[in-house]
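Everything in the sequence shown is counted per UniProt numbering, starting at 1 for the first residue and increasing by one. Think of the CB as a built atom: it goes at the ideal place given N, C-alpha and C, for glycine as much as any other residue. As the structure is a computational prediction, the values presented were derived from the model and not from experiment. Worksheet: one structure, shown below.
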Amino acid sequence: MRELLRTSTEIHPNDHLLMVATLQPVVDESISKTINLSQEATVAEVEQIYMQAYSLNLKGMTMYRDGTFRFQPRKL
């Protein structure tokens, strides 16, 4: 299975956004997606992701930067 599927951290943030933009028109209420970022993600990268989400007219999106919380349920 591992050879066929990628984990969320292996998918580029823009690809996460494009997936939401593709599905959003057929969702009645709203849709949101958490984008998991590496601990090395910069402020500029975060800004670019938000601006891309805005330009795609996404209704909702969140980001989680790995290691943000001292005790997190799982290492990304």
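Please list, in chain order, all residues of the same chain as residue i whose beta carbon is under 6 Å from its beta carbon, the five residues on each side excluded.
i          : result
residue 16 : 33 and 35
residue 65 : 37 and 41
residue 13 : 35 and 49
residue 25 : none
Where do the ends of the beta strand (DSSP E) carrying residue i lie?
i          : result
residue 63 : 62–65
residue 37 : 34–37
Is it true that the CB of residue j sits closer than 8 Å to the CB of residue i?
i          : j          : result
residue 63 : residue 20 : no
residue 11 : residue 23 : no
Start and end of the alpha helix (DSSP H) containing residue i?
i          : result
residue 13 : 13–23
residue 45 : 43–55
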